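**Student:**
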Amino acid sequence: MTTTTAIPTARQRAATPAERRPKREREGPAWVFLSPWVLGATVLTLLPMAVSLYLSFTDYNLFDPPHWIGLRNYTQMFTEDPRYWRSVVTTLTYVVIAVPLQLALALVVALALKSMKRGKAFYRSAFYAPSLLGASMSIALVWRALFNDGGTVDNLFGTGGWVNRPGWALLAVALLTVWQFGAPMVIFLAGLQQIPAELYEAAAVDGAGRWRQFLSVTVPMLSPVLFFNLVLQTIQAFQVFTPAFAVSAGKGGPADSTLVYTMYLYDRGFVASHMGYASAMAWVLLLVIGVVTAVLFRTSRSWVFYASEGDR
Amino acid sequence: MPGNRTKGFCASAVALALCALAAACGGSGETVGGGKVVLRYTWWGNPDRAERTEQAVALFEKRHPDIQVRTSFSGYDAYKQKLAVQATGGDAPDVMQLDYRQIDQYASGGVLLDLAKQKSVLRTSEIDPGLLATGRVDDTQYAIPQGRGTETVVHDVRTWKESGVPLPRQGWTWSQWAATVRELAKKAGKPGATDPGQSEDAFEVWLRGQGKSLYTEAGGLGFTADDLTKWWTFTDQLRREGAVSPAEQTTQLDGSVENTPLGRGKAVSDFNWDAPSSGYLALIPTGTALAPMPSGADGTPGQYFKPSMFLGVSAHTGHAKEAARLVDFLLNDQDAARILGATRGIPVNETIRERTAPLLKDFDKTVADYQASLEGKLKDPPQAPPSGDNALQSTFQRDYDQVSYERMSPREAAENYITEAKAELRS
Chain A
1 MTTTTAIPTA RQRAATPAER RPKREREGPA WVFLSPWVLG ATVLTLLPMA
51 VSLYLSFTDY NLFDPPHWIG LRNYTQMFTE DPRYWRSVVT TLTYVVIAVP
101 LQLALALVVA LALKSMKRGK AFYRSAFYAP SLLGASMSIA LVWRALFNDG
151 GTVDNLFGTG GWVNRPGWAL LAVALLTVWQ FGAPMVIFLA GLQQIPAELY
201 EAAAVDGAGR WRQFLSVTVP MLSPVLFFNL VLQTIQAFQV FTPAFAVSAG
251 KGGPADSTLV YTMYLYDRGF VASHMGYASA MAWVLLLVIG VVTAVLFRTS
301 RSWVFYASEG DR
Chain B
1001 MPGNRTKGFC ASAVALALCA LAAACGGSGE TVGGGKVVLR YTWWGNPDRA
1051 ERTEQAVALF EKRHPDIQVR TSFSGYDAYK QKLAVQATGG DAPDVMQLDY
1101 RQIDQYASGG VLLDLAKQKS VLRTSEIDPG LLATGRVDDT QYAIPQGRGT
1151 ETVVHDVRTW KESGVPLPRQ GWTWSQWAAT VRELAKKAGK PGATDPGQSE
1201 DAFEVWLRGQ GKSLYTEAGG LGFTADDLTK WWTFTDQLRR EGAVSPAEQT
1251 TQLDGSVENT PLGRGKAVSD FNWDAPSSGY LALIPTGTAL APMPSGADGT
1301 PGQYFKPSMF LGVSAHTGHA KEAARLVDFL LNDQDAARIL GATRGIPVNE
1351 TIRERTAPLL KDFDKTVADY QASLEGKLKD PPQAPPSGDN ALQSTFQRDY
1401 DQVSYERMSP REAAENYITE AKAELRS
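Residue numbers (our numbering), protein chains in the order written: chain A, 1 to 312; chain B, 1001 to 1427.
1) Just to check my reading of the structure: residue 269/A and residue 275/A have Cβ atoms closer than 8 Å, yes? What is that Cβ distance to the nearest angstrom?
2) At what residues does the beta strand (DSSP E) containing residue 43/A begin and finish?
3) Output yes if chain B places a C-beta closer than 8 Å to the C-beta of residue 72/A; else output no.
4) Could you tell me which chain B residues have their CB closer than 8 Å to the CB of residue 151/A, listed as they occur along the chain?
5) Can you give the Cα-Cα distance for residue 1089/B and residue 1128/B, rounded to whole angstroms?
6) Give a yes or no on whether the C-beta atoms belonging to residue 199/A and residue 114/A are separated by under 8 Å.
7) Are the C-beta of residue 1022/B and some C-beta of chain A separated by less than 8 Å?
8) Applying a beta-carbon distance threshold of less than 8 Å, which residues of chain B neighbour residue 271/A?
9) Take residue 1096/B and list the residues in its own chain whose beta-carbon comes closer than 6 Å to its own, dropping the five residues that flank it on each side.
10) Consider the Cβ of residue 1078/B: report whether some Cβ of chain A lies at a distance smaller than 8 Å.
11) For residue 157/A and chain B, any beta-carbon pair shorter than 8 Å?
12) Based on the DSSP output, what are the partners of residue 1151/B in its beta bridges?
13) Using a Cβ-Cβ distance under 8 Å, would residue 1426/B count as near chain A?
14) With distance defined between alpha-carbon atoms, name the residue in 249/A, 42/A, 57/A nearest to residue 137/A.
15) Using a beta-carbon distance cut-off of less than 8 Å, what residues from the stretch 158-178 of chain A approach chain B?
16) In or out: residue 252/A buried (at least 16 other Cβ within 10 Å) or exposed?
17) Which residues in the same chain as residue 205/A place their Cβ atom closer than 6 Å to its Cβ, once the five residues preceding and following it in sequence are excluded?
18) Let's test the definition: count the other Cβ atoms within 10 Å of the Cβ of residue 103/A and tell me whether it reaches 16, buried, or not, exposed.
19) Alpha carbon to alpha carbon, how far is residue 196/A from residue 313/A? Give it in angstroms, no decimals.
20) In the DSSP assignment, the alpha helix (DSSP H) including residue 1329/B goes from what residue to what residue?
21) For chain A, find out if any of its Cβ atoms is closer than 8 Å to the Cβ of residue 1413/B; answer yes or no.
22) CA-CA distance, residue 1185/B and residue 1247/B?
23) State the DSSP-derived secondary structure class of residue 48/A, mapped to helix, strand or coil.
24) Let me know the secondary structure DSSP gives residue 1288/B once reduced to three states.
25) Using a C-beta cutoff of 8 Å, does residue 1258/B count as contacting chain A?
26) Within 8 Å (strictly less), CB to CB, does residue 251/A reach chain B?
27) Unbroken alpha helix (DSSP H) runs of length 4 or more, entirely within the stretch 1157-1236 of chain B: which are they?
28) To the nearest angstrom, report how far apart residue 1387/B and residue 56/A are at their CA atoms.
29) Taking Cβ positions, are residue 1222/B and residue 1300/B nearer each other than 8 Å?
30) Report back the beta-carbon spacing between residue 1364/B and residue 1304/B to the nearest angstrom; my notes put them in contact at under 8 Å.
31) Name the DSSP bridge partner or partners of residue 1141/B?
32) Mind the definition here: the stretch 1131-1149 of chain B touches the stretch 1105-1116 of chain B only if three or more C-beta pairs lie below 8 Å; say whether that holds.
33) Could you tell me which residues DSSP pairs with residue 1042/B in its beta bridges?
34) Applying the criterion that 16 or more other CB atoms from any shown protein chain within 10 Å of the CB defines a buried residue, is residue 1295/B buried or exposed?
35) Hey, residue 259/A and residue 278/A are a contact pair by Cβ (cut 8 Å); roughly how many whole angstroms apart?
36) Compute the Euclidean distance between the alpha carbons of residue 175/A and residue 236/A, then round it to the nearest angstrom.
Encoded structure:
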């Protein structure tokens, strides 16, 4: 018995005086209360998006009025701009390094925290803190100082400055993201606590060791949460900007090694004043993120296990 | 009475929203407050410059009780972006400080007022004609230079002297410079200079030493891939020998003196503009000195007096005359000059320059002496760079990164740059 049928629909019961008035009038208060959001969404999100879509077909440079140039920005991007492709490869490399590392670390720490008897709250907060601070410029600047030549990492391990070496700079940026594993960790922790203890007891009775329990109980039971984190972090990773910007002092260097997609977008828009081109890049990014998310959802059917499915 | 309440609520909500919108959109700063004309004046700089500017502005307001000046300032990068957005919205400040690289774009974008039309209040007769011409685009005086600077080989004097390598002298050539940095590297144990390969400014000096230029008068490229290949082969060779800074050091350059190899104590000298070189004093307590830039093989000087920054007036200002008056005051007034000192470079007004020179102290004096030593020996500055140059400056540095990290040959990188530059200048 679901609860929805308990409420009589408008047709079933006598209409109240308020309902006898035209529909438009009844909706009035709703619109008034919605208006801050509607205004915000329209003026701050939808309108700029529409303008950006329009600009992506123009040669707008901030100063002269935009001219319609059709698909030229898009064709230039795909066929004539080697740096565009370099930024695509850099971003993909970054996603492939940062996301799995971050999720693995978040899961390991969540598992450790779950089995912890004392001080759980403290460690949970301590590990979560970098996620709160992480998006800020100041942390990224500290990171740059740490990995710079003469910085702490250099002094401790004699590695030289990571941020000044093309082969290492992107890794330094990725590590900054990995370090901010707090948000997925908290979600993992919540997911772990949802797994019924009986399942582990039953598995133990069947003679499963800790590793076997992890593979056969934890992983499948946690898969929806894992999927959620994967989708969220992947979307975020595609849009990485602040760490790359700060670590490379706004240049995507050395030798374009940290020129992630959004950095190049920023470079085209705000350094070179090619707003049309930058808008086109933004729309391609939006589409790509949409496609990647769709693909993740598609593959999820074969590996994500929802406990409720068993009931059907 | 739900119906009535809804209506009243609706109306007040709409009114509230409209008020908020009106408040957000209104107020361009040109309103007349208490019968006074209000001017907005913005610049970039540091707190020291701000303090002196405020004093000068206060004096201006005292002299012109009918004008009120609202000032604001920020760091260069933030200023540049904010001004671009304001200018795009037709909301540029009445008086604005501009960089050489902004003039062309702003002038052709219709943002700037023709200042020649304000002759009655804005005097330019005491500014060197060559320097004044740098604010002209298509024969229209869109901006007036406010100070002048020139490039220099700033060096750690003590290390240089102790190494026993002869000090730089007037008229030295690029090949003498190369020999010197090689010897410095050997005797001082660290590179003799910052690798100049990444610097479009240093390249320009080298190019001008051969009678060429960065841009043609029509705004195209003034040099070929061969020229650039030659320059990058020259600097790359020095880098491989360790005579100039390694790639890991060079790539950290970001315009601040703290991040130069000289500032970090990892090289003996650096190419920089003269006024900002005061920043090295705090980093190298044993002292720095300014030497002229190397010249071409036949002694042709490549360096020039560059307008360090400009003043321009918005084309949309409602108070052109008052704005021009403020510009005139900042450039030509004795008392203003005394307050401002050399915060924006050495003053462009020649009478004022002569009068303030003896009053300058410390590094201001070093810069003034250095400029005096070059007076009459340099060629005219190039015209303002074309709009695309803003982006090309960083492209130059980036493409050289590929050379110094040995990912491309000087030839490949040079051809890359030429392709990018042509595309940039076309659009």
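Backbone N, C-alpha and C define an ideal beta-carbon position, used for all residues, glycine too. Quick caveat, the model's predicted, so the values are computed rather than measured.
**Tutor:** From the atom records:
1) 5 Å
2) Counting along the chain, residue 43/A sits inside no beta strand (DSSP E), nor does DSSP assign it H or E at all.
3) For residue 72/A, the answer is no, since every Cβ of chain B falls outside 8 Å of its Cβ.
4) Here the premise fails: no neighbours, minimum Cβ distance about 12 Å.
5) 34 Å
6) Result no, Cβ atoms of residue 199/A and residue 114/A do not sit closer than 8 Å.
7) Confidence in residue 1022/B is poor, its pLDDT being 40 and thus under 50, which makes the residue's placement too unreliable to answer from.
8) 1390, 1391, 1394
9) 1042, 1312
10) No, residue 1078/B lies away from the interface with chain A (no Cβ there is under 8 Å from its Cβ).
11) no
12) DSSP links residue 1151/B through a beta bridge to 1273/B.
13) no
14) 249/A
15) 160, 161, 164, 165, 166
16) buried
17) none
18) If you draw a 10 Å sphere on the C-beta of residue 103/A, you find 16 or more other C-beta atoms in it, and that means buried.
19) The shown model of chain A, from 1 to 312, leaves out residue 313/A, and the question about it has no answer.
20) 1320-1332
21) no
22) 16 Å
23) DSSP, read as helix, strand or coil, puts residue 48/A in helix.
24) Three-state DSSP puts residue 1288/B in a strand.
25) no
26) yes
27) Runs found: 1157-1163, 1174-1188, 1200-1208.
28) 21 Å
29) no
30) That pair is no contact at about 21 Å.
31) 1136/B
32) Yes, the stretch 1131-1149 of chain B is in contact with the stretch 1105-1116 of chain B.
33) 1072/B, 1096/B
34) Residue 1295/B is buried by the Cβ-count criterion.
35) Contact flag wrong, Cβ pair sits at about 14 Å.
36) Straight through space, the alpha carbons of residue 236/A and residue 175/A are spaced by roughly 15 Å.
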